[in-house]
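Report on the following structure.
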């Protein structure tokens, strides 16, 4: 029965075979608990527009929707209808649709900011039920603020840790979203932690599309606007582990779209190299300098040395480097010089009197040494084969006996041959 099937699904023994992330405004075509076959349509949504939907019933009121300044009326060539469109403006206006519980507009229950290019679908004073379409934003307009380069350019952008021009704003703390008017032609979005009372303000330009509403609960690192997230902000707000997951998932997403299956470990190795440096924020009693970028191994080595002397250890923050910069900042100047900026790298190494200890693959290949991998590691090359002394002596003794017998046989054969020659 359906009830037994739901109970079965609620147990931990059965995992979902497939999960779908649905967008706001998606029309679900199946009831909860329905049995489906492969190829059944689960839901549908409008592919050309991003909907702005009313989540609580009430009466519509316009705010800062001034025709000719913040809005305009345009004729749609495809439908022949006149559309009420929010346009980009430089004033202090903050276009939005307000939802009130009654017609007298005494109690506000919903606020819906309208980005530039949004097409308004309701009239002022109209009653809007829950789920009513208030406005729609053409996906073409939304994509203008999003880096849509796919394929290898996107992978290169991630591995080089470049900051996109039109980036997304992300929440810095866990909390509830609220709006506080306009400042310098930018919307003030506040995230407030209800437990601690801590607040974080975000200044959002009118051109950016807000993907959250007033009263929404957001977590640290969640997007507040459309666009591409800056990896450096994820590192600063969420930490190293979340950044590693983000980079691996984003790179894998590009390859999955092309039907290419790559093991995560290959990408994780590159990400590890991008995060191998730390920036010193407090040198403590170590020999490190404030603001210096050092390798994690050197940082730990210095702290361990100071800890043995009961000194104050250094404090540092992780740093994200692009693969090009990470390659040039390696401890081996031979490896760096073989990659890029050969003259500069060698000049700096000579001026600083650097020593290359040949610990990596590239520098050993360049110098013609055995690479430090597999049996090429130092401790493998130092291993000697030990033979039992008794067995060794027996082998030597047997070997000498065989030689003696062979010599005796050869001498006997020679004597027989010489006697035969004399007889003839």
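In the numbering used here, the protein residues as written are 1409 to 1832.
All C-beta atoms in this analysis are idealised placements derived from N, C-alpha and C, irrespective of residue type, glycine included.
- Taken through DSSP and simplified to helix, strand or coil, residue 1472 comes out as coil.
- Annotated as distal: residue 1453 and residue 1469, with beta-carbon spacing of 8 Å or more.
- Counting C-beta pairs closer than 8 Å gives three or more between the region 1728 to 1737 and the region 1672 to 1692, which meets the contact rule.
- In this structure, DSSP gives residue 1671 a state outside helix and strand, which the three-state scheme calls coil.
- Membership of residue 1508 in the beta strand (DSSP E) is indicated by the continuous run 1504 to 1508.
- Within 10 angstroms of the beta-carbon of residue 1642 lie 16 or more other beta-carbons, which makes it buried.
- About 6 Å separates the Cβ atoms of residue 1569 and residue 1639, confirming a contact at the 8 Å cut-off.
- As far as DSSP is concerned, residue 1783 takes part in no beta bridge.
- Using a C-beta cut-off of 8 Å, the region 1692 to 1709 makes no contact with the region 1532 to 1542, since fewer than three inter-stretch Cβ pairs fall below that distance.
- Take the alpha-carbon of residue 1488 and the one of residue 1482: they are about 10 Å apart.
- The beta-bridge partner set that DSSP reports for residue 1600 consists of 1584, 1607.
- Under the DSSP assignment, residue 1654 falls in the alpha helix (DSSP H) whose first and last residues are 1648 to 1665.
- The alpha-carbon of residue 1594 is positioned some 39 Å away from that of residue 1691.
- The region 1660 to 1671 and the region 1614 to 1632 do not touch, with fewer than three beta-carbon pairs separated by less than 8 Å.
- The beta carbon of residue 1438 is closer than 7 Å to those of 1444, 1450 in its chain, skipping five residues each way along the sequence.
- If the five residues before and after residue 1580 are omitted, its C-beta is found closer than 6 Å to the C-beta atoms of 1608, 1645, all from its own chain and listed in chain order.
- A check of alpha carbon separations from residue 1765 across 1633, 1501, 1742 identifies 1742 as the nearest.
- In the structure shown, residue 1738 falls within a coil segment according to DSSP collapsed to helix, strand and coil.
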